[in-house]
Structure formats: structure tokens, C-alpha cells
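Chemist: Below you will find the structure I want to go over with you.
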Amino acid sequence: MAKNPDAYLLYEYMEKVPYTVRIKVRLSENIDAKLLYEAAQEAVKRLPYFSVKVELDKEQNYTVVHNDTPITVNPEKDERLVLGSDKVNRHLFAITYREDVIWFSFSHSVCGGAGSMFWVKTTLYAYLTKKYGHIEPPEDIKLPGTPIDPEELALPEADSLPDDKPVTRYNGGNSNVALMRFIKYLINPFAKDNYYYQLIIPADKLMEYARNIDESPNTLLSALFFKSNVSYFKEKKDTHLSVRIADDYRNDIGAEKSYRDFVRLLHIKYDWNTRDESVEKLNMRARGAIIGQSQPELSYERYKNIEAIHKGIDEQPTLKEKKKYATQNSTFRSDTRDTFTISYTKPTDWGEMNKYIEEFYIITDGDLMLEVIALKEKFCISFQLINKDRTPFDLLCRLLDTEKIPYEASEQKKRLLPKIELSK
């Protein structure tokens, strides 16, 4: 049975390392369950690489194989889904709904944020057209009934990429990573005290502010995150605070249209003595850091490293040893640690679906992390924390007030990230 590269992250999955994602979409009207079920089946038929289940072959490799059972569409409950279980027909993707909200839950092993948008867009489009009739689709949608573009499946050969060395590298130094918070989370990321907050900022106001000081959303949020929360941390000698930004490098390696996950991290270092600098000046620091790290050579290196890890996993004789090797060589564990994390790539084209989408949030397993989605008229941000102390969120809101950036803030919400059930 042929191995599928979408399975490799599963070797790192443990009860205490979720690698799952929830996408929360609030529409303008309550959900029609029958139409949503029909739309979900049409969408996954167009995206067969998401209609999968995990098996263990005779050589003890996790393999991702076709799953011809229906994608489950069930009422949302205040409990965790278990992806890969019989309750979701062994799929790694599942849909739930309540009132006017749809949750899309999936395993990060198969795809990341870019690929998940294939699924979410196609499902929403099928649902909304069933409910409202013709809607002008976005240009990049995978419409039910259309053929699969081979570029959707793109997985470049690592040996085909240049071996050029980057001009510079990030020197992380000693960043204050809130070690005790991090250790607590690693001990149990499924703890009950695991929360997020929803933040909505009007797009025109945020971009007007950004243009006035020559910022992009990523650098602006980096500066705001640091400036608002530097007071939350106790200054320690020979340390600094830092922000990491998730960077999608698919264009660098020639996989522009692939559903697979190609993400590396950019890092922005802020010394304690910059705490009183303006947002504009902090932004300049962020821009310089991003420019210095946006080298395609770093993307080639990242991709080659990941493929080498996959080959190393294949060479291990037993499942236990494969999982041990994957954990010891995990890019998740070896990546530079930072104080804050921001995940935002670019605005998403929704076509006329924009008329029906009120809010959109990505919920992951980060701490002191912003997951950012840009709708046509608003930025939807999930601010993620591992405990009930909402001080970091309130500090950010207070800075937005100071900078006269309008926003709407939610109450505390539980993340309830799914677990995964795998063969032993």
C-alpha cells in the first residue's frame, strides 16, 4: 500500500499534542441542516484528497486511503469531536452546526490553512447556492463537478530545489517564551481552561491606520501585540520578547495551488528598551525582520529538511520507533520559540458569498496567538490563551482604544479542539 505524505504528521500526534483545527463561520441566517448535509457530500466529492481515513499497513506505516462513507454533519455539542473515530465515519474532517454557525473541524496532518479553504469555500458555496440560488463564485473555488487540477496535488521533489544558502539567518537569542505557561500546555492541551476570544476590527479602519504608518497587517499586529503586552511579562536580564509570524512558502517551491501545508516561521525580536517606542517605529523593526527572513533559500531548506524527516520515519521498523523518531525530529519542537504568534497570510476571495458570511474564525492550539482572517469589510481575529486570565486580551483592546482603532470584543469562549483516534 503506497504511503501518502499527508499521513506523516500523524506520527507526532499524541493525546497531548492535538494537531487539529476548528474553523467557525457565522452566516446571516440559521443553518438548514438538510441543505448543509447535501452540500458537504458534494464538496468532498470534488475534493477526494480530503475524503480519507487512516490505516496501518503491514510495515506499520500510517497510510491515508480513500473513505467512501459520508462526511458527518451533526448538531454542535459542547464536547470534543474525535476525528478518525466511527462517530465521524473515520474521516479526518467533520462538520457541526448550531443556529447560524458552522464549525469545520479537521486534522492538520492532511492540510493547513490554505488547503482547508478549499473545503470550506466549496462546502459553503454549495450550501449557499442551494439556499439562495446563483451566487457569483470566487475565482479560485473548486466547484463541484469540475475536474481536479493536477496542481492541487503538487508535491515538489526536494532534490529539484536549489541548494543555495541564505544570505542571513535569524539569531533568536534568549526570548522570554513564558516557559511555565508553555510547559503547562504541553502537559495537557485538552485541559478545560483553554480559551479564545473573538475580535472584530473594521477593515477600512485597520487598513487606514496601517497605511498612515506604512504597515502591513502582519507587521501592524506584531507591533500592537508587543506594545500592548510587554507589561504583562516581567523583564529578565539578557532576554527579550519576540513575535513569530506564520509564512506560507508554497510560492517559493512551485506549489502555488497545492492543498498541502507549506508553512515556516518568521521571527521579530523586540528588546525590552523598545517598550516605549511608537507603534510606527515598532512596525519598522518588524518590516526589517520580515524582509531579512523572506528569502526563498530558507523555504528550500525547510522543505528539504521536512522531506528528510519523512524518509527517516520510513526507515524505522516499528510504529513505536516511527513515532519516537517523528517526535525527536519534529519541526514543531525544534522551531525557534517566541513569546507571541500571528497567523495571517492574505485576504480570502469569497466572491458574492461575502453577503452571507458574518464572521469567520480559525481556532488552533496556540497560546498568546492571533489567528487572523480578512473578510471584505472586517478582520476576524481569534485571540487564543491557555487559561482564564484574559489580561493579555484586555491589554490589546486597551491599546486599540488608545490608537483609536474601533473593534468588537467577545466574551471568553472554549476552544474544544478535536482529538484524533488512530490505529495502535
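Number 278 in numbering that gives the first Met the number 0 belongs to position 279 of the sequence shown; there are no gaps in the numbering. In this text, a Cβ means the ideal position worked out from N, Cα and C, and glycines have one as well.
In chain order, what residues of the same chain have a beta carbon less than 6 Å from the beta carbon of residue 425, not counting five sequence neighbours either side?
Modeler: The structure shown does not extend to residue 425, since the chain is modelled only from 0 through 423, so no value can be given for it.
Chemist: What's the gap between the Cα of residue 216 and the Cα of residue 371?
Modeler: Taken atom to atom, the span from the alpha-carbon of residue 216 to that of residue 371 is near 9 Å.
Chemist: May I have the straight-line CA-CA distance separating residue 410 from residue 386, to the nearest angstrom?
Modeler: Cα-Cα distance, rounded: 14 Å.
Chemist: Taking the C-alpha atoms as reference points, what is the distance between residue 106 and residue 60?
Modeler: 18 Å
Chemist: Quick check on DSSP: helix, strand or coil for residue 321?
Modeler: helix
Chemist: Verify whether the separation of the beta carbon atoms of residue 113 and residue 63 is less than 8 Å.
Modeler: no
Chemist: Go to residue 52, then tell me how far its beta strand (DSSP E) extends in each direction, as first and last residue.
Modeler: 51–55
Chemist: Residue 4 and residue 154: beta carbons closer than 8 Å?
Modeler: yes
Chemist: How should residue 166 be labelled, buried or exposed, when 16 other C-beta atoms within 10 angstroms of its C-beta is the threshold for buried?
Modeler: Answer is exposed; the Cβ neighbour count stays below 16.
Chemist: Applying the criterion that 16 or more other CB atoms from any shown protein chain within 10 Å of the CB defines a buried residue, is residue 1 buried or exposed?
Modeler: Below a pLDDT of 50, predicted positions are generally treated as unreliable, and residue 1, at 47, falls in that range; no measurement from the model is reported.
Chemist: Is residue 347 near residue 373, with beta carbons less than 8 Å apart?
Modeler: yes
Chemist: Am I right that residue 232 and residue 219 are in contact with their C-beta atoms under 8 Å? What's the rounded C-beta distance?
Modeler: Going by Cβ atoms, the distance from residue 232 to residue 219 rounds to 21 Å, so no, they are not a contact pair.
Chemist: List the DSSP bridge partners of residue 73.
Modeler: The partner list for residue 73 (beta bridge, DSSP) reads 95.
Chemist: What is the DSSP secondary structure of residue 85, counted as helix, strand or coil?
Modeler: Here residue 85 carries a helix assignment [DSSP, helix/strand/coil].
Chemist: Could you tell me which residues DSSP puts in a beta bridge with residue 379?
Modeler: 199, 372
Chemist: Roughly how many angstroms lie between the CA atoms of residue 40 and residue 258, to the nearest whole one?
Modeler: For residue 40 and residue 258, the gap between their C-alpha atoms comes out near 19 Å.
Chemist: Residue 225 by DSSP, collapsed to three states: which one?
Modeler: In the three-state scheme derived from DSSP, where H, G and I count as helix and E and B as strand, residue 225 is classed as helix.
Chemist: Tell me which same chain residues have a C-beta within less than 7 Å of the C-beta of residue 229, skipping the five on either side of it?
Modeler: 240, 274
Chemist: Check each candidate in 343, 338, 316, 307 and name the one with the smallest Cα separation from residue 328.
Modeler: 307
Chemist: Please classify residue 390: does DSSP put it in a helix, a strand, or coil?
Modeler: helix
Chemist: Under three-state DSSP, which class holds residue 1?
Modeler: With a pLDDT of 47 at residue 1, under the threshold of 50, the predicted position of this residue should be treated as unreliable, and no value is reported.
Chemist: Give me whichever residues DSSP pairs with residue 210 in a beta bridge.
Modeler: For residue 210, which the question treats as bridged, DSSP gives no partner whatsoever.
Chemist: Rounded to a whole number of angstroms, what is the C-alpha to C-alpha distance between residue 76 and residue 359?
Modeler: 19 Å
Chemist: Should residue 168 go down as buried or exposed, given a rule of 16 or more other Cβ atoms within 10 Å for buried?
Modeler: Residue 168 comes out exposed.
Chemist: DSSP three-state label for residue 43, please.
Modeler: Shown here, residue 43 sits in a helix according to DSSP, grouped into three states.
Chemist: So does the region 22–30 actually touch the region 343–357, counting three or more Cβ pairs closer than 8 Å?
Modeler: yes
Chemist: Leaving out five residues on either side along the sequence, give the residues of the same chain with a beta carbon under 7 Å from the beta carbon of residue 365.
Modeler: Closer than 7 Å at the Cβ level, and outside the excluded window around residue 365, lie 340, 383.
Chemist: Once you ignore the five residues that flank residue 248 on each side, which residues in its own chain have a CB closer than 6 Å to its CB?
Modeler: 261, 263, 298
Chemist: For chain D, check one thing: does any of its Cβ atoms lie closer than 8 Å to the Cβ of residue 384?
Modeler: Structure shown: chain D not included; a single protein chain is present.
Chemist: Would you kindly report the start and end of the unbroken alpha helix (DSSP H) that includes residue 154?
Modeler: Counting along the chain, no alpha helix (DSSP H) covers residue 154, and no H or E run does either.
Chemist: Count the other CB atoms, across all protein chains shown, that sit within 10 Å of the CB of residue 337; report buried if there are 16 or more and exposed otherwise.
Modeler: buried
Chemist: Label residue 144 either buried or exposed according to how many other C-beta atoms from any shown protein chain fall within 10 Å of its C-beta, with 16 as the threshold for buried.
Modeler: exposed
Chemist: So what does DSSP say about residue 245, is it helix, strand or coil?
Modeler: The answer is strand: DSSP assigns residue 245 an E or B state.
Chemist: Counting Cβ pairs, one atom from each stretch, are 3 or more of them under 8 Å apart for the region 308–321 and the region 95–103?
Modeler: no
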